[in-house]
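K.L.:
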Amino acid sequence: MPWLHNKAFRCLLFIVVVGATFYFLFLIREVVFSFLFGGLLAYFLYRPVLWMEKKGIKRMWAILIIYILAISLVSSALWFAIPKLVKELSSVASMMPQYAHKFEELVNQVNGIQWPGKLDQIVEQNVSKIENFIYGALQGFVSGMYSLLSKVLIIIFAPILAFYILKDWEDIRTSFLNILPPGTRREVSIMAEQIDEVIIQFTKGYLMISAMIGILIGIAAAIIGVKFALLIGIISALSELVPYFGPLLGGIPAVGLALSQSPQAALYMALAIIVFQQIEANIISPKIIGDKLGMHPLLIVFALLTGGELMGIWGMLIAVPLTASLIIIGHYIYLKIVES
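Reminder that position 189 of the sequence shown reads as 189 in this note's numbering, one-by-one numbering, no gaps.
Following this line, the structure appears as structure tokens:
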């Protein structure tokens, strides 16, 4: 069949096959997400397993020990935190009508102030915008958390997949490299090591920063006397995982809960968040993460917005390391094109 050797036909066939593959993956995206999450979990557990293996512990036992330690730590944290967290969430839910009433009173007070000149018109025009912004931000945060919780079954299934991936890590890696042409295997291995370094640096850095900010803001809320300090700390820690926009996402619920008690508490809470975020942005982040990613802030913002548009909160969480990885791959492809 001579048409099979036609370059244009083969190019078209390739595009159709790739498009059909992506469409199929989209249809089974929940399954794909399970395997991706399992692979990600295996990726982060591989180094501790490898370290234990170097100490003379067999791979299977090393995996089991890591799993037992991880389950013990998570269970202990949940045992102490969950009852208090559930209590705080129940209290917040039961007090929502009261919070709404206080917020309405505050808006009425702002509207009732006699502002000089045109300032009165500006305030009237923007109060509704501020209300809509706060409502939209809270709604987005709640829907994001719901989306996160809706993946519980996938998250539970992921450790099982991770176990098998860890057990046969080297075989899977070798099988993948064998698919590639022999001349590209070494270069792909080097590129994978660079991507690995970027992801590890980003993840370690942001997990440390998130934990620190969450603890500091939680302690600040407790000192100020704001109710639900544990909840505020957890929300701040989780939102901090999203670069740039995280402090805003975590700050709105914290200040909102403080405002439900008193304007003074809200002011102190806002000041504490601003101080901690400035310390994080100017001192902690440069030291922990530095310029490891090699990405311009505008590119990071673009990646976050794109990730959020495509995949919501999950997209924002993976946007930065994924973009950094794509830059490394793109640089490799560019060099190959130049060489050829």
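Note that beta-carbon positions come from the ideal geometry of N, C-alpha and C, so glycine has one too.
Which two residues bound the contiguous alpha helix (DSSP H) that contains GLU187?
P.N.:
Taking the sequence shown and counting its residues from 1, the one referred to as residue 187 is at position 187. That run of the alpha helix (DSSP H) goes 185-224.
K.L.:
Got a sec? Which residues, its chain only, sit under 8 Å from LEU299 by beta carbon, not counting five neighbours each side?
P.N.:
Start at 1 with the first residue of the sequence shown, and residue 299 comes out as number 299. Same-chain partners within the cutoff: THR323.
K.L.:
Under three-state DSSP, which class holds GLN261?
P.N.:
Within the sequence shown, numbered from 1, the residue matching residue 261 stands at position 261. Looking at GLN261 - three-state DSSP - the assignment turns out to be coil, as it is neither helix nor strand.
K.L.:
Between ILE329 and MET191, how many whole angstroms is the CB-CB distance? I'm expecting something under 8 Å.
P.N.:
On the sequence shown, residue 329 is found 329 positions in, with the first residue counted as 1. On the sequence shown, residue 191 is found 191 positions in, with the first residue counted as 1. Their Cβ separation, rounded to whole angstroms, is 7 Å, which keeps ILE329 and MET191 in contact under 8 Å.
K.L.:
Whole angstroms is fine: what's the gap from VAL338's alpha carbon to THR184's?
P.N.:
By one-based count along the sequence shown, residue 338 stands at place 338. By one-based count along the sequence shown, residue 184 stands at place 184. Each residue's Cα considered, the two are about 15 Å apart.
K.L.:
Distance cutoff 8 Å, beta carbons only. Does PRO159 sit that close to anything in chain C?
P.N.:
The chain inventory of the structure shown lacks chain C, comprising one protein chain alone.
K.L.:
Buried or exposed for LEU231, going by 16 or more other Cβ atoms inside 10 Å?
P.N.:
On the sequence shown, residue 231 is found 231 positions in, with the first residue counted as 1. Looking at its Cβ environment, which holds 16 or more other Cβ atoms inside 10 Å, LEU231 is buried.
K.L.:
At a cut of 8 Å, does the stretch 44-57 reach the stretch 73-81 through at least three beta carbon pairs?
P.N.:
Short answer: they don't touch.
K.L.:
At the level of alpha carbons, what is the spacing between THR174 and PRO182?
P.N.:
Stepping through the sequence shown from its first residue, residue 174 is reached at position 174. Stepping through the sequence shown from its first residue, residue 182 is reached at position 182. Taking the straight line joining both Cα atoms gives about 12 Å.
K.L.:
Just verifying my parser: in three-state terms, what is the DSSP assignment at PHE228?
P.N.:
Numbered from 1 along the sequence shown, position 228 holds the residue referred to as residue 228. In the structure shown, PHE228 sits in coil (DSSP, three-state: anything other than H, G, I, E or B).
K.L.:
By how many angstroms is the C-alpha of ILE223 removed from the C-alpha of TYR23?
P.N.:
Residue 23 sits at position 23 when you count from the first residue of the sequence shown. Residue 223 sits at position 223 when you count from the first residue of the sequence shown. Rounded to whole angstroms, TYR23 to ILE223 spans 52 Å at the Cα level.
K.L.:
How big is the Cα-Cα spacing for LEU27 and LEU326?
P.N.:
For this step, residue 27 is matched to residue 27 along the sequence shown. For this step, residue 326 is matched to residue 326 along the sequence shown. Roughly 24 Å between the two C-alpha positions.
K.L.:
Out of VAL32, GLU280, ALA272, GLN261, which has the shortest C-alpha to C-alpha gap to TYR206?
P.N.:
Position 206 of the sequence shown, counting from 1, holds the residue named residue 206. Looking at the Cα atoms, GLU280 is the closest of the given residues.
K.L.:
Go ahead and pull the three-state DSSP assignment for ASP168.
P.N.:
Locating residue 168 in the sequence shown gives position 168, where the first residue counts as 1. It is coil, neither helix nor strand.
K.L.:
Hey, PHE163 and ILE63 are a contact pair by Cβ (cut 8 Å); roughly how many whole angstroms apart?
P.N.:
Looking up residue 163 in the sequence shown gives position 163. Looking up residue 63 in the sequence shown gives position 63. About 6 Å separates the two Cβ atoms, so the contact holds.
K.L.:
Please determine if the stretch 255-271 and the stretch 300-320 are in contact, where contact requires at least 3 C-beta pairs separated by less than 8 Å.
P.N.:
Verdict: no, contact absent.
K.L.:
Can the beta-carbon of ILE68 be found closer than 8 Å to that of VAL49?
P.N.:
Position 68 of the sequence shown, counting from 1, holds the residue named residue 68. Position 49 of the sequence shown, counting from 1, holds the residue named residue 49. No, these two residues do not count as a Cβ contact at 8 Å.
K.L.:
Whose C-beta lies closer than 8 Å to the C-beta of PHE276 among residues of the same chain, with five residues either side of it excluded?
P.N.:
Counting from one through the sequence shown, the residue named residue 276 turns up at place 276. Cβ within range, chain order: ILE213, LEU216, ILE217, ALA220.
K.L.:
Straight-line CA distance for PRO321 to ILE199?
P.N.:
The count along the sequence shown starts at 1 and reaches residue 321 at position 321. The count along the sequence shown starts at 1 and reaches residue 199 at position 199. Approximately 6 Å between the Cα atoms of the pair.
K.L.:
Can you say whether PHE343 is buried or exposed, counting buried as having 16 or more other CB atoms within 10 angstroms of its CB?
P.N.:
Because the chain here runs from 1 to 340, residue 343 falls outside it and cannot be looked at.
K.L.:
Taking the CB atoms as reference points, tell me whether LEU45 and LEU238 lie closer together than 8 Å.
P.N.:
As a working mapping, residue 45 is identified with position 45 in the sequence shown. As a working mapping, residue 238 is identified with position 238 in the sequence shown. No; because the gap between Cβ atoms is not below 8 Å, this pair is not in contact.
K.L.:
Taking the beta carbon of TYR334 as the centre, do at least 16 other beta carbons fall within 10 Å, making it buried, or is it exposed?
P.N.:
Within the sequence shown, numbered from 1, the residue matching residue 334 stands at position 334. Burial call: exposed.
K.L.:
To the nearest angstrom, how far is it from the Cα of PHE37 to the Cα of ILE160?
P.N.:
The residue given as residue 37 occupies position 37 in the sequence shown. The residue given as residue 160 occupies position 160 in the sequence shown. Approximately 11 Å, taken between the alpha carbons.
K.L.:
ILE273 to GLY39, Cα distance in whole Å?
P.N.:
Residue numbering aside, residue 273 sits at position 273 when the sequence shown is read from its first letter. Residue numbering aside, residue 39 sits at position 39 when the sequence shown is read from its first letter. Cα-Cα distance, rounded: 35 Å.
K.L.:
So LEU54 is in the alpha helix (DSSP H); what residue range does that whole segment cover?
P.N.:
In the sequence shown, the residue the question calls residue 54 occupies position 54. Just to set this straight, residue 54 is Lys in the shown sequence, not Leu. Start and end: 29-54.
K.L.:
Is it the case that the Cβ atoms of SER285 and GLU240 are separated by a distance below 8 Å?
P.N.:
On the sequence shown, residue 285 is found 285 positions in, with the first residue counted as 1. On the sequence shown, residue 240 is found 240 positions in, with the first residue counted as 1. Not in contact: SER285 and GLU240 (Cβ atoms no closer than 8 Å).
K.L.:
State the DSSP-derived secondary structure class of VAL16, mapped to helix, strand or coil.
P.N.:
Position 16 of the sequence shown, counting from 1, holds the residue named residue 16. Here VAL16 sits in helix by DSSP.
K.L.:
Alpha carbon to alpha carbon, what distance is there between ALA319 and ALA303?
P.N.:
By one-based count along the sequence shown, residue 303 stands at place 303. By one-based count along the sequence shown, residue 319 stands at place 319. Distance between the alpha carbons of ALA303 and ALA319: 6 Å.
K.L.:
What three-state label does DSSP hand MET60 in the structure shown?
P.N.:
As a working mapping, residue 60 is identified with position 60 in the sequence shown. Reduced to three states, the DSSP call for MET60 is helix.
K.L.:
From the DSSP output, in three-state form, read off LEU78 for me.
P.N.:
Stepping through the sequence shown from its first residue, residue 78 is reached at position 78. Residue state, collapsed to three classes: helix.
K.L.:
Starting from the Cα of GLN278, find the closest Cα among LEU248, LYS227, PHE202 and give me that residue.
P.N.:
The residue labelled residue 278 in the question sits at position 278 within the sequence shown. Comparing Cα positions, the closest option is LEU248.
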